[in-house]
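Per our numbering: the sequence shown = residues 4 to 429. One structure is given here, and the rest of the page talks about it.
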Amino acid sequence: MTQQRTVRVGVVGIGRGLAFIEQSTAELGIELVALCDTWAERLDEINAEHGVATYTDYDAFLEHDMDAVVLANYFHQHAPFAIRALQAGKHVMSETAACMTMAEGVALVREVERSGLVYMLAEQYPYMAFNQEMKRLYDEGAVGEFRYGEGEYIHAMSAQFLNSISPGVDHWRNWLPVTYYCSHALAPVMHITGTTPKSVTGFVVPYDEGDAEKARTVRRMDTAGMIVLTMDNGALVKLLQYDLRGGGHWVRIHGNRGLMENTRIGGHHGQDRVRVWRETWEKPDGVPEEMVYKPDFPQHNDKASKSTHFGGDFFMNLIFADAVRSGTAPYFDVYRGVTMAAVGILAYRSALSGGAPIDVPDFRDEAERAAYEDDHWSPDPAAAGPGQPAPSVLGHVRPPVAGREYAEEVWADQDELMYGGKVFGG
Ligand SMILES: NC(=O)c1ccc[n+]([C@@H]2O[C@H](COP(=O)([O-])OP(=O)(O)OC[C@H]3O[C@@H](n4cnc5c(N)ncnc54)[C@H](O)[C@@H]3O)[C@@H](O)[C@H]2O)c1
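In structure tokens form, the structure reads like this:
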């Protein structure tokens with residue numbers, strides 16, 4: 004790896020954000036220089052351990068001498084934080100999702116264009132070795148033209164774990180509609196095939212009163228979201244995400260000359276193999292109909308293999324640092340980032356309307372995006388009011404009293420909290 008210069012990064016949020024400490028390395032050419040969180044006690048501990056400047060106030064943090072800001076604050080507050088960072092002259096890498104409303108998405112793309120700075124959506128799933136291998140295969144024509152795909156991100160959690168990472172009744176993990184966190188399922192399909200969603204239809208597995216584990220939480224959104232997309236080349240894609248049992252991340256790409264997918268066997272680590280299927284009458288000579296193998300990363304295999312999220316975090320950070328160094332937009336730029344967030348928003352709108360398809364605007368086109376500049380439709384409890392959606396297709400579900408009691412027990416014990424020092428909402 005050759006780097007022209009080190010990118011000095013500040014991180015907001017010390018939950019997921021702490022993963023970026025590990026990515027502050029000479030190999031990546033990234034140096035973590037500042038951290039910001041409202042959780043002062045924990046910041047002091049991190050400061051003592053890592054000697055990095057810490058801030059509890061975002062505006063003061065933005066004055067720190069650094070090149071870029073990584074946003075790992077609350078899921079539903081990234082766009083306003085990104086806009087302020089860009090206005091302060093910092094490049095931005097934002098955790099999922101880019102925006103919570105269509106209006107925020109429009110404001111964000113306009114600010115990136117005005118500033119001329121680099122914006123990247125922090126999606127690491129496309130850079131896992133099996134997804135990079137599927138991109139390599141796709142690019143060399145191994146399965147022909149993309150016709151149908153699937154992306155799944157299923158993350159079942161115990162009540163204890165969920166409560167520990169969702170401190171407070173109004174913490175986003177307790178109300179975020181199940182279609183919104185769709186980028187882990189969608190980004191690999193977009194990256195492998197180079198296609199973009201043009202139309203979205205959403206379906207929801209409703210809130211499940213019979214789920215005994217969920218009854219020990221204050222979660223009040225639905226169980227899972229299924230999204231059907233028409234891509235810009237006409238291909239269909241099915242996405243599935245959230246709270247079903249049997250966690251994992253899966254991608255399936257059907258081309259008009261073959262199929263490839265990652266495997267579903269052998270527990271959580273069994274998903275790191277690629278399966279390629281070509282029919283006997285059109286497979287290349289000398290290869291079997293079916294191949295199943297564990298691919299290496301195309302480069303930096305040793306270092307990436309040791310990194311979190313199946314190595315995806317290593318590449319995501321490298322790609323961001325290289326984008327800052329070269330001043331060129333990465334693949335998951337603001338347009339693709341906001342498009343993925345729009346898929347989550349519009350899929351929920353579609354699900355609430357009984358599954359009507361909705362067009363995804365082209366955020367590069369000022370005339371198309373301007374139609375959404377005042378669209379503040381949001382399930383955020385802080386934005387509640389006439390016309391705003393409830394967290395579940397069933398409406399405002401009331402979680403059981405026992406769920407609130409157990410959740411409060413977990414929140415009261417700071418040692419049990421994974422991160423996020425403050426209990427959010429009433
Ligand atoms: N890519 C991944 O695999 C992955 C994994 C986990 C989380 N995430 C994303 O990371 C983000 C953060 O999630 P999380 O899991 O860390 O939980 P979280 O949302 O509870 O943590 C957010 C952190 O930001 C801090 N924060 C919030 N507002 C702030 C403000 N105004 N000023 C300073 N600090 C503030 C909070 O105190 C908290 O520590 C979310 O967008 C989530 O989707 C991504």
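The beta carbon of each residue, even a glycine, is placed where N, CA and C say it ideally should be. Owing to the predicted nature of the structure, the values given are computational and were not obtained by experimental measurement.
Ends of the beta strand (DSSP E) at residue i?
i, result
"Arg-255", "251-258"
"Trp-280", "277-280"
"Leu-74", "71-74"
"Val-240", "239-245"
"Asn-265", "261-265"
"Thr-57", "56-58"
"Ile-230", "227-234"
"Ser-97", "94-97"
Residue i to residue j, Cα distance in whole Å?
i, j, result
"Phe-323", "Ser-169", "28 Å"
"Trp-178", "Arg-45", "26 Å"
"Ala-3", "Val-109", "Limits of the chain in this structure are 4 at one end and 429 at the other, which puts residue 3 out of reach."
"Thr-9", "Ala-326", "12 Å"
"Met-306", "Asp-299", "For the record, residue 306 in the displayed sequence is Lys; it is not Met. Between Lys-306 and Asp-299, the C-alpha separation is close to 11 Å."
"Asp-362", "Arg-87", "29 Å"
"Thr-196", "Lys-138", "7 Å"
"Ala-415", "Val-73", "29 Å"
"Glu-212", "Arg-219", "11 Å"
"Gly-429", "Arg-407", "Unreliable positioning characterises Gly-429 in this predicted model, as indicated by a pLDDT of 49, which lies under 50. The coordinate reading is nonetheless provided below. If I take the Cα positions, the gap works out to 11 Å."
"Phe-317", "Pro-191", "16 Å"
"Asp-68", "Glu-216", "46 Å"
"Ala-63", "Cys-102", "23 Å"
"Ala-332", "Gly-152", "26 Å"
"Ile-24", "Val-295", "35 Å"
"Gly-18", "His-252", "21 Å"
"Gly-471", "His-79", "Summary: the structure shown does not reach residue 471, with the chain confined to residues 4 through 429, and so no result is reported for it."
"Ile-49", "Gln-391", "39 Å"
"Pro-382", "Glu-419", "28 Å"
"Val-36", "Gly-249", "39 Å"
"Gly-270", "Lys-297", "15 Å"
"Ala-125", "Met-96", "6 Å"
"Ala-238", "Val-115", "30 Å"
"Arg-328", "Arg-367", "24 Å"
"Ser-1", "Leu-65", "There is no way to answer for residue 1, as the model of the chain reaches only from 4 to 429."
"Glu-34", "His-53", "12 Å"
"Val-171", "Pro-129", "The sequence as given places Gly at residue 171; Val does not occur at that position. Their Cα atoms are separated by approximately 32 Å."
Is the distance from the Cβ of residue i to the Cβ of residue j below 8 Å?
i, j, result
"Thr-28", "Asp-40", "no"
"Val-400", "Ala-354", "no"
"Met-193", "Arg-339", "yes"
"Ala-106", "Tyr-375", "yes"
"Gly-20", "Val-12", "no"
"His-312", "Tyr-245", "no"
"Ala-410", "Asn-166", "yes"
"Pro-360", "Ser-202", "yes"
"Pro-209", "Met-234", "no"
"Pro-180", "Pro-394", "yes"
"Val-337", "Val-55", "no"
"Gly-358", "Thr-204", "yes"
"Leu-242", "Gly-154", "yes"
"Ala-100", "Ala-344", "yes"
"Glu-136", "Val-277", "yes"
"Trp-175", "Tyr-77", "yes"
State the start and end residues of the unbroken alpha helix (DSSP H) segment that holds residue i.
i, result
"Leu-349", "337-355"
"Met-319", "315-329"
"Arg-113", "105-118"
"Gly-16", "Per DSSP, Gly-16 belongs to no alpha helix (DSSP H) and is neither H nor E."
"Val-2", "With the chain represented from 4 up to 429, any question about residue 2 goes unanswered, as that position is not in the structure."
"Ile-24", "22-25"
"Ser-167", "162-167"
"Thr-204", "Per DSSP, Thr-204 belongs to no alpha helix (DSSP H); it is in the beta strand (DSSP E), 200-208."
"Glu-52", "43-53"
Since I believe residue j is in contact with residue i (beta carbons under 8 Å), could you give me their beta-carbon distance rounded to a whole number of angstroms?
i, j, result
"Thr-104", "Ile-268", "The pair is not a contact, with the Cβ atoms about 40 Å apart (cut-off 8 Å)."
"Met-123", "Phe-335", "6 Å"
"Asn-265", "Val-254", "6 Å"
"Arg-223", "Pro-402", "5 Å"
"Leu-247", "Val-240", "Contact flag wrong, Cβ pair sits at about 18 Å."
"Val-121", "His-94", "4 Å"
"Asp-173", "Pro-384", "5 Å"
"Gly-16", "Ala-75", "4 Å"
"Glu-292", "Thr-283", "6 Å"
"Leu-31", "Asn-320", "5 Å"
"Val-346", "Gln-163", "Not a contact, Cβ separation roughly 31 Å."
"Gly-315", "Gln-127", "3 Å"
Quick one: does residue i have its CB under 8 Å from some CB of chain D?
i, result
"Tyr-245", "Checking the listed chains, one finds no chain D in this structure; it contains a single protein chain."
The region 251-264 / the region 146-158 touching (three or more Cβ pairs under 8 Å)
By the C-beta criterion, the region 251-264 is judged to be in contact with the region 146-158, since at least 3 inter-stretch pairs fall below 8 Å.
Would you call the region 181-188 in contact with the region 226-242, where contact means no fewer than 3 C-beta pairs closer than 8 Å?
Three or more beta-carbon pairs drawn from the region 181-188 and the region 226-242 are found closer than 8 Å, and the two stretches are therefore classed as touching.
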